[in-house]
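Remarks on the structure that follows.
Residue numbers (my numbering): 1 to 297.
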């Protein structure tokens, strides 16, 4: 009997010892990687640091940075281990990566890795077919009808896929504009206002691409008096690529654009969704109003 009691006590002690370890494991932070190093936006070192800070302040993420060689450098040495992370944030627009790195990135996303594409990252890699599937829509880099249709909302609130010939990617003046939610049931948008004012930014328009497995979360009206298209253009999208989830925001041109609380909120929520499939973050008290900008300096 004493031996049996001793064994029971030993098992109970073992369970008690193991419990803190289980709790600690469940509270581990999500590992994210920001890729930067080249960009036609010279403020990329500042926006990388802004985004790193935004992610870490949630308490959900540990963030590393992988910086490529400068333009014209030896890109063969750029081989981050994507599989060490749950998600990758793209703040990059520059020279092509080595094929080995491209293949590793494709496999990472296809097998369930998350991606957040920010602003000019959708200008990158026009010839990389799988990358363009991941981002859904892109611009510049000599993109044209060969890369896929224009995608936008018409005046009746319906999605248009326009395959007519023309450039891929443009924008009007740097200005503040209103964001309109198109899918209010998605975890990223759920519980947030249907319309809100975004601080001064480039409003990308005439984007085109494969647009496969893509859901438009929000649009903004590209006004003709701001040298825009006169159409409601997609500014935030989610895309599925294999088992991977992608959140694509065209917002975030200047530092002040990324200091908009709307940008911050969607960026943080998008990063959580691509890595976990859900969003636990609440709407911040200082979220922008329908006609009021909100900025964190």
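Glycine included, C-beta positions come from ideal geometry on N, C-alpha and C.
(request) Report the partner residues of residue 233 according to the DSSP bridge assignment. (result) 220
(message) So, for residue 266: in the same chain, excluding its five sequence neighbours on each side, which residues have a beta-carbon less than 7 Å away from its beta-carbon?
(response) These residues qualify, in order along the chain: 188, 236, 249.
(message) Looking at the secondary structure, which residues open and close the alpha helix (DSSP H) in which residue 134 lies?
(response) 129-135
(message) Using a 10 Å radius around the Cβ and a threshold of 16 neighbouring Cβ atoms, would you call residue 1 buried or exposed?
(response) Because the pLDDT of residue 1 is 39, which lies under 50, any placement of that residue in the model is unreliable, and the number read from its coordinates should be weighed accordingly. By the beta-carbon neighbour count (other beta carbons within 10 angstroms, threshold 16), residue 1 is exposed.
(message) So, with DSSP's three-state summary, where would you put residue 122?
(response) helix
(request) Provide the residue span of the alpha helix (DSSP H) that contains residue 264, from first to last. (result) 261-276
(request) Might you give, ordered along the chain, the residues of its own chain that have their beta carbon closer than 6 Å to the beta carbon of residue 147, omitting 5 neighbours on each side? (result) 168, 208, 209
(request) For the alpha helix (DSSP H) containing residue 44, list its first residue and its last residue. (result) 44-57
(message) Once DSSP output is grouped into helix, strand and coil, what is the label at residue 82?
(response) Helix at residue 82.
(request) Output the boundary residues of the beta strand (DSSP E) element that contains residue 201. (result) 195-201
(message) Tell me the rounded alpha-carbon separation between residue 45 and residue 202.
(response) 18 Å
(message) Taking 8 Å as the threshold (C-beta atoms), are residue 88 and residue 35 in contact?
(response) yes
(message) Helix, strand or coil for residue 109? Go by DSSP, reduced to three states.
(response) helix
(request) Assign residue 160 to one of two classes, buried (16 or more other C-beta atoms within 10 Å of its C-beta) or exposed (fewer than that). (result) exposed
(request) Measuring alpha carbon to alpha carbon, tell me which of 182, 293, 60, 86 ends up nearest residue 194. (result) 182
(request) Have a look at 122, 81, 98 and flag the residue whose alpha-carbon is nearest the alpha-carbon of residue 73. (result) 98
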